[in-house]
Amino acid sequence: MLRSRTGFITLAFIGVALACLPFADLAITTVNPWRELQRLLHGLITPDFTATDELLTAFTRTLAYAFTGVALGAVAGFLLTTVFSSRLVRAFCAFIRSIHEIFWALIFLQCFGIHPLSGVLAIAIPFSGIFAKVYSEIIDEADPLPARAVPKNTGRLLRYFFTQVPEAWPHLRTYTAYRLECGLRSSAILGFIGLPTLGFHLEAAFSQGYYSQVGALLLLFYLLIATMRLWVRPRLVPVYLVVAPFFLGEGLPIIWGNVTRFVTQDIVPRPLREGEGWQGLEPWLTEILVNQALPGVWNTLLLTQMALVATGVLALLAFPLISTHFTGPVRRTSGHVLLVIARSTPEYMLAYILLQLWGPSMLPAVVALALHNGGIIGHLVGRMSDEVPLRQGAPGGFNRYAWELVPRVYPPFLAFLFYRWEIIMRETAILGILGITTLGFYVEGAIQEIRFDRAMVLILITALLNIAVDALSRRIRAWLRLRTRPTCEA
Amino acid sequence: MAALEVSNLSASYGGERVLGPLSLSLAAGERVALVGQSGAGKSTLLSLLYDQAGSGTAFMPQDLGLVDTLSVFHNVYMGQLDRHSAIYSLINLLFPLQKPRGEVQTILDELGLGDKLREPTGELSGGQRQRTAVARALYQQGSMLLADEPVSALDGPLARRIMDALSRGYPTSVIALHDVDLALAYSDRVVGIQDGHIALDEPSSRLSTADLQPLY
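Structure, rendered in structure tokens:
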């Protein structure tokens, strides 16, 4: 197994994850975790839809934030593709997408306060970075011949809009629709840090122990995502886009003095602000690096590597649930339902719920990350396995799984997994806000102490860590000669 | 006066020379038919000629270079992308204006595609697609045409109708044709390509079908 590159990489990553275990805190600390789980399940089967007003606001706000944010991000990302050949633009996009929506929201909440602008920008900015990259990749794959067949003196921009963009248009649309689903999840979790979306109501219901309300919110959210294909129609999308800004709500008025103060004072490193000059900067920075960044990075890495391997294991176990090579239609339908639930629940929301049930440790985080990402990859690999043609008389059952399917889907499976490595790390950092000591924990701490300069340094470090992991993942994929179409990122 | 003049043109593919070295000169008002077996190097030659040709040249590659997701109107309109301002063209991309629509319609009527103005090109048959590319070349109203098998997917009478239209629109042209009769009927000069070299270069009036047989 060590002879093949895929085998070597697989064993190496499993080895690293196992080595992480002794350093990680994986205890269940609540006195009676199963009773909490029981109450939640009971809430799910006895959902309480009576608070209709509140449910309605929660969902219109969540949808409005998602639509406005994703639309702005898509337009900005699309415009960025025209200059994406510039190295500077590429670096800029890599940077803005390496910072999680929640971190952006935390920053904007300090500037604009609880105002729709904070939430919309928090989605639009990282999304535009992602759109710019993926749109460019898709457009680059367009057939170059039409661009050659137009008159020679045609300007670059017209050539681009008349030949390359229309060629790629169907793929751009599919990808944008998929991203809208991600936007809905992002919008929902923005509520956990105070914006008026789904997460806000979920947290309120949880903290008061209204499990039936939690059940209603969760069930409606699944319904919304599962039926997206029905209500996201090409003809309806323009309507949604026009209407969405009117449903963002008012929020509190923006105090522009705060914005100026935040930009010109709050985020300036303290030694500089207080006139200690560059000499004061070094001890200040060292203190942050040693006491905050280092433990934060260490825990983020531990959690990421464990979650990555757990995701892989779960995806490989889950894909037969929906593969046509195995189960009957009934079992396959329930498999689909399970995977839809797993992948449409944001990691953050899952981690929040599991933390309530099991108490603070890395265990709920690992399980949440593995469930969500394993659901996504399991779904993709399952669909891919349907395209594997089996010879007549191929073995059934476990032998079919182990000898016929897994060897064939393993390379694309690894590609998806490495593609999600950076995404898992981005989420891991964020889960710190829930009390697990990853980088987000220290960012949140710094913000609560109103030390925004410190928070900015930590967010910057998180971004660099993500960029590094992304680069490493690209190297490994190249070494393993794995190729995935960008649209399969799902 | 030469409309196009190339010398020592050659092309290699995977380290192997597939064309040339060859030289060719084309006078204004001269229609050249390019004949030869498939794989002889006609397409490569046309593509290289286009690289050397002036900016007013219309190019119709064998694979047509249509944008399947756009309508026939848009694909034809692209022939004049260099004549209008970017804003005017972008407006036409989103909302086709009446004037260009009328102009394109006239050309499509002539080619028997009158009812296809709004149809996405990807949903047309092979012959209809070919005529769309012809319409684009005609709409361009360039000074010279380089076309690679422009009527290969069309049957007899229609093929002649399209060749008539191309002849009227472009007095100066190099057109690759595998149909020997069409080649003789719609050219002033025939250039035969064999193994990447010019094996024959004669005025059409001096040639008969039999003279071209050795090339195949």
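Taken in sequence, the protein lines are chains A and B.
Each residue of the first sequence is one higher than the one before, starting from 1 at the first, in this note's numbering.
Each residue of the second sequence is one higher than the one before, starting from 491 at the first, in this note's numbering.
Where a beta carbon is used, it is the ideal one built from N, C-alpha and C, also for glycine.
From the listed residues A:R477, A:G113 and A:D25, the smallest Cα separation to V366 of chain A is found for A:D25. Excluding sequence positions up to five before and after V469 of chain A, its CB lies within less than 7 Å of the CB of W421, E422 and M425, all in the same chain and listed in chain order. Shown here, Y629 of chain B sits in a helix according to DSSP, grouped into three states. Taking all protein chains shown into account, H42 of chain A has fewer than 16 neighbouring C-beta atoms within 10 Å of its C-beta and is therefore exposed. In its chain, beyond the 5 residues on either side, L598 have a beta carbon closer than 6 Å to the beta carbon of G604 of chain B. Contact annotation: A58 of chain A and G183 of chain A have beta-carbon atoms that are not nearer than 9 Å.
Exclusion of the five residues before and after M306 of chain A leaves A17, C20 and V366 as the residues of its chain whose Cβ lies within less than 6 Å of its Cβ.
For N498 of chain B, the enclosing beta strand (DSSP E) has its first and last residue at A492 to Y503. For R148 of chain A, the nearest CB of chain B lies under 9 Å from its own CB, placing it at the interface with that chain. For the pair of segments examined, the stretch 139–148 of chain A was found not to touch the stretch 111–125 of chain A: the number of CB pairs separated by less than 8 Å stays below three. Checking the DSSP bridge columns, you'll see P693 of chain B partnered with B:R679. Spanning the alpha carbons of G602 of chain B and A394 of chain A requires a straight line of approximately 54 Å. Within the DSSP secondary-structure output, E506 of chain B pairs in a beta bridge with B:Y503. Restricting attention to B:L538, B:R658 and B:G526, the CA atom closest to the CA of S502 of chain B is found in B:L538. For F49 of chain A, there is no enclosing beta strand (DSSP E), as DSSP marks it with neither H nor E. Going by beta carbons, R651 of chain B and A675 of chain B fall outside the 9 Å limit. Per DSSP, the continuous beta strand (DSSP E) segment holding L635 of chain B begins and ends at M634 to D638. Among the bridge pairs identified by DSSP, A94 of chain A is matched with none. Going by beta carbons, S515 of chain B and L494 of chain B fall inside the 9 Å limit. Using a CB distance below 7 Å, the part of the stretch 151–166 of chain A facing chain B consists of P151, K152, N153, T154, G155, L157, L158, F161, F162, T163 and P166, ordered along the chain. Taking C-beta atoms as the reference points, L672 of chain B and V641 of chain B count as a pair closer than 9 Å.
Taking the C-beta atoms as reference points, Y135 of chain A is found nearer than 9 Å to A168 of chain A. Selection A:L44, A:A446, A:I467 and A:L472 evaluated against G215 of chain A yields A:L44 as nearest (Cα-Cα). F416 of chain A sits in a helix when the DSSP states are folded into three classes. The continuous beta strand (DSSP E) containing I665 of chain B extends over residues S663 to A666. Closest by C-alpha distance to L414 of chain A, out of A:P389, A:L308 and A:R391, is A:L308.
Runs of the alpha helix (DSSP H) spanning 4 or more residues and lying entirely within the stretch 130–190 of chain A occur at 145–149, 156–159 and 165–190, in chain order. Non-local beta-carbon contacts of F78 of chain A in its own chain, meaning distances under 7 Å to residues more than five positions away in sequence, involve F131 and Y135 in chain order. For A576 of chain B, the chain A residues whose Cβ falls inside 8 Å of its Cβ are G155, L157 and L158, in order along the chain.
In the three-state scheme derived from DSSP, where H, G and I count as helix and E and B as strand, P346 of chain A is classed as coil. Identification of chain A residues near P551 of chain B by a Cβ-Cβ cut-off of 8 Å yields L145, R148 and A149, ordered along the chain. When secondary structure is reduced to three states using DSSP, T547 of chain B falls in the strand class. Taking 9 Å as the CB threshold, W231 of chain A stays off the interface with chain B. For L369 of chain A, the enclosing alpha helix (DSSP H) has its first and last residue at M362 to D386.
With contacts defined as CB atoms closer than 9 Å, V522 of chain B and V664 of chain B qualify as a contacting pair. Counting of Cβ neighbours within 10 angstroms places V263 of chain A among the exposed residues, the total staying below 16.
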